[in-house]
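Using my numbering, you'd call the opening residue of the sequence shown number 1035 and step up by one each time. Below: the structure, in structure tokens.
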Amino acid sequence: MDIIYEYDGVTASSRLEGYAAEKLNKLHHKFDDIIRADVFLKQENTSSDETGMICNIRLSLPGPRIFAEASNENFEESVNESVRELERQLKKRKDKMKAY
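Spelled out as structure tokens, the structure:
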């Protein structure tokens, strides 16, 4: 699985890339048909302290792409929330594809 990182208003961080890669690799072990992950990290000015660090993840796999977005007070929480949402979508998709 290829992982591509894009930053918008944020400096690149190898620690953050490693953290996201670890989470996405765990997801790849469960769902091995994932081809590529695009991770978009951006910071937005908001009036709330609990949001503003945004993580968008788009997964490319056979069929339609899957997308998740999360905004929290830090990037680690945003990555976690996005990966949980992707896992939920992948499970739902896998259940639909099961032959009964």
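Even for Gly, the Cβ is constructed at its ideal location relative to N, Cα and C.
- Comparing C-alpha distances from aspartate 1042 to each of Gly1086, Asp1067, Gly1052 and Leu1058 shows the shortest one belongs to Gly1086.
- One alpha carbon belongs to glutamate 1056, the other to histidine 1062, and they sit about 10 Å apart.
- Measuring C-alpha to C-alpha distances from aspartate 1036 to each of Glu1119, Glu1084, Lys1132 and Ile1091 identifies Ile1091 as the nearest.
- Rounded to whole angstroms, glycine 1097 and methionine 1131 show a C-alpha spacing of 11 Å.
- Per the coordinates, the alpha-carbon of glutamine 1077 lies some 6 Å from the alpha-carbon of valine 1044.
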